[in-house]
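Data block below; observations after.
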Amino acid sequence: MGQKINLLQGHVAELIAAGEVVERPSSIVKELIENAIDAGANAITVEIGEGGIRLIRITDNGGGIGREDVPTAFLRHATSKIACEEDLSHIGTLGFRGEALAAIAAVCRVELLTRTPDSQLGTRYCIEGGVGGECEDAGCPQGTTIIARDIFYNTPARMKFLKKNVTEGNAVESVVQKTALSHPQISFRFIRDGVDKLHTPGTGRLKDAVRELFGRSVADNLIEVSHEAPPYRVSGYISKPQYAKSNRTLQHFYVNGRFVKTKTGMAALEQGYKNVLMAGKFPACFLFIEMPNELVDVNVHPAKIEVRFAAENDVFRAVYTAAKSAILNFSDQTAALSPAQAKAAAEQPLPLEKGTGGGRPAAPSTGGSAVRGTGELHSPTAAPRTPDGRYGIGVSGAAADLLRRSATLRAEAQRERPESAAERPVSKAVSQQPSRPSGVFSAGAERRPGSAPHQAASPRPAAPAEPAAAEDGQLQWAAPSAGGVEGEVPTVVGELFHTYILACTEDRFFLVDKHAAHERILFERLKREYRQIARQILLEPVAVTLAPEEISAVLEHRELLQNAGFIAEELGVSAMVVREIPSFLQNCDIAGIFEEVASNLAKGEQEVSASHIDWLFNSIACRAAIKGGNRSTQYELQQLMEDIYRYDIVKYCPHGRPIVIEQTKKDIEKLFGRL
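The opening position of the sequence shown corresponds to residue 1 in full-length UniProt numbering, with each subsequent residue numbered one higher.
Okay, here's the thing in structure tokens:
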């Protein structure tokens, strides 16, 4: 016999229905803010306590609610936005279902204060768990104030799924930010645990709102977009090509004033940036897509953040054309400048709030009992630096550390500059270099008795050599002197496609991926020196724009990042400033590294215990390593080969790709049919 079918009681049905609308405090804030906007408010204040779990207060100066309508407003499917079926096909308001207040009242203790413009007295109404009281007279300003306390107080099973107060608070702040951008003519104020976190001016200018919410670094790197292809219109701002981010957190799309997540919009935007952005980089945008209401269906998602377009291809084309046109127009304006002006515009340094690249280093500092190894970064005998503090001429930032550390680690005397690999045949390059033994990359590579782990087998130099200066301004590798230890490291004979190192010993040939090798070296160093990494104070701290949840994650794991060599602190509402970095990461894309780490922490997909943070080392090492496709000097390549041997590194990069392919002389002779 089957189970008996029961008709659920009213309050049980309301609790179930509330679960579709109210998932967390930010869901309540979103619904109440949308109601305030629909009521015609031009000033909205959002206040929360303990992440919105204990308290949510929304105050607006809109039209208010008439006393006779107040109890009705808390009934399910009661709304002033639509009246018949036809209205669903052209919804022009943010709210329309009539479920929000009923759902909120079912899981919170709610108090409402409201007054219409034509009333002298306001109305106070309390409802708890879906059970309302009586309307009372109250003195209050025009508009509506709704207070929701103790979310999920009557559904403990739902309460346990809420996250930490700081996480829930960040989600609320994100909702306020996105809504404030959608209506720049409205002044939004957000108060969190008694502290003012943001306050938009309400001037009606989108760029003013962006500047207030995300800082000057974002606002000053935007390109205006304005494109009309009836019945569609696309307006707003997109970021300059050089101001790209490592994630999509700064992509904001609005359809008829409603914030939405649209894959169509994202794909069209990024297609517009094709061939002007690096792989793995994403543009920022604040785009408003306007169209007739009947061409978009907003009734497809409980939270109304997903929509369905009647003509998706047309929307794609409109966004793509708008973005592409703005980028081309910006490029034309830049091209119209003189070469000197264009270079200055592209390289103009930004003030502290705008910084997005690597800062200049000051004196080094060490965290805790940081120990400097034999690879002292700031050795007075290191290779020469230019007056602005950079290492040599034409040396990539990622390679600079290889050069610095080499000066005190290699036993060699300075001699005349050898011919570069490009200037001599491979046979000559091999014949002029000392021979090396085979098998130097095997796990059981033989070391000299008494040599320390992770240290070069050659003795410490009495007078470290400096790289010779080439005519083209590049630093060249200074060959080892006769007094150095020979026969241990493969000799570099050239570089293939600016990506792979060609090296050989007496009877072996090596093809090395320089990016993967350098990435593994940095990874091992970060892992080895964790908690003892020498840090470098930046003379020009780097400001990084982050989402609220990313800032929260960084602050929550501040000790983890400090142990990895990063010191950062909050800078305004939506940015952090990086003040110290690992000493061997100078001249790297510090902002990009920090953005990626913050994004991973915010997603919560990675383990952050001390024994499970290889992902952190991997993120830092991958971004800081020498990039394939960039030209390296022979000196840099040889130093990289020596580092590979010195650390006796694993033959795979942290992503699992091979670092080195090894062939014996016999293998090569077989390929040519000599055997």
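Beta carbons are placed, not taken as given, at the ideal position from N, Cα and C, and that holds for glycine.
| Item | Value |
| --- | --- |
| Using three-state DSSP, classify T93 as helix, strand or coil. | coil |
| If you check the beta carbons only, do L269 and Y237 fall under 8 Å apart? | no |
| Using a threshold of 8 Å, state whether the C-beta atoms of F288 and S235 are closer than that. | yes |
| Tell me which residues share the same chain as I91 and place their Cβ nearer than 8 Å to its Cβ, disregarding the 5 neighbours each side in the sequence. | K81, I82, N293, V298 and N299 |
| What is the C-beta distance between V578 and A568, in whole angstroms, given that I count them as a contact (C-beta under 8 Å)? | 5 Å |
| Just to confirm, is the Cβ distance from G257 to A323 under 8 Å? | no |
| Could you check whether Q251 and A279 sit closer than 8 Å to each other, using their CB atoms as the reference points? | no |
| Where does C622 land, buried or exposed, given buried means 16+ other C-beta within 10 angstroms? | buried |
| Suppose you measure from the CA of G673 to the CA of T505; what does that come to, to the nearest Å? | 22 Å |
| First and last residue of the alpha helix (DSSP H) that includes D614? | D614 to A624 |
| Taking L94 as the reference, give the member of C84, T79, E224 and E580 with the closest Cα. | T79 |
| To which residues of the same chain is A625 closer than 7 Å at the C-beta, ignoring the five residues directly before and after it? | A398, H515, H518, E519 and L522 |
| For T245, which of A591, T633 and I620 has the nearest alpha-carbon? | In the sequence as presented, Thr is not what sits at residue 245; that position holds Lys. For K245, the nearest C-alpha among the options comes from A591. |
| Go through its chain and collect everything with a Cβ distance to S182's Cβ below 6 Å, but skip five positions before and after it. | Y254, G257 and F259 |
| Which of the three DSSP states is assigned to K603 in this structure? | helix |
| Near F330, what residues of its chain come up, given a Cβ to Cβ distance below 7 Å and the 5 sequence neighbours on each side ignored? | I223 and K240 |
| Please list the terminal residues of the continuous alpha helix (DSSP H) segment that includes residue 682. | Given that the chain is displayed from residue 1 to residue 675, the structure contains no residue 682 and the question cannot be resolved. |
| Is S187 buried or exposed, if buried means 16 or more other CB atoms sit within 10 Å of its CB? | buried |
| Using the C-alpha atoms, what's the distance from Q634 back to A411? | At A411, the pLDDT of 41 sits below 50, so the modelled position is not reliable; the number obtained from the coordinates is stated separately. Rounded to the nearest angstrom, the two C-alpha atoms are 18 Å apart. |
| Taking I533 as the reference, give the member of T116, A267 and I581 with the closest Cα. | I581 |
| Out of curiosity, what's the CA-to-CA distance linking A100 and L32? | 8 Å |
| Please report how far the alpha carbon of I593 lies from the alpha carbon of L616, in whole angstroms. | 10 Å |
| When you compare only the Cα positions, how much space is there between L350 and E212? | Interpretation of L350 is limited by its pLDDT of 40, a score under 50 that renders its predicted location unreliable; the figure taken from the coordinates is listed afterwards. Straight-line Cα distance between these residues: approximately 18 Å. |
| So for A244, helix, strand or coil by DSSP? | coil |
| How would you label R631, buried or exposed, when you count the other beta carbons within 10 angstroms and need 16 or more for buried? | exposed |
| Could you tell me if E550 is buried or exposed, where buried requires 16 or more neighbouring beta carbons within 10 angstroms of its beta carbon? | buried |
| Under a Cβ-count criterion, where at least 16 other Cβ atoms within 10 Å of its own Cβ denotes burial, should G40 be classed as buried or exposed? | exposed |
| Taking 8 Å as the CB-CB limit, is N313 close to chain D? | This model lacks chain D altogether; it includes just one protein chain. |
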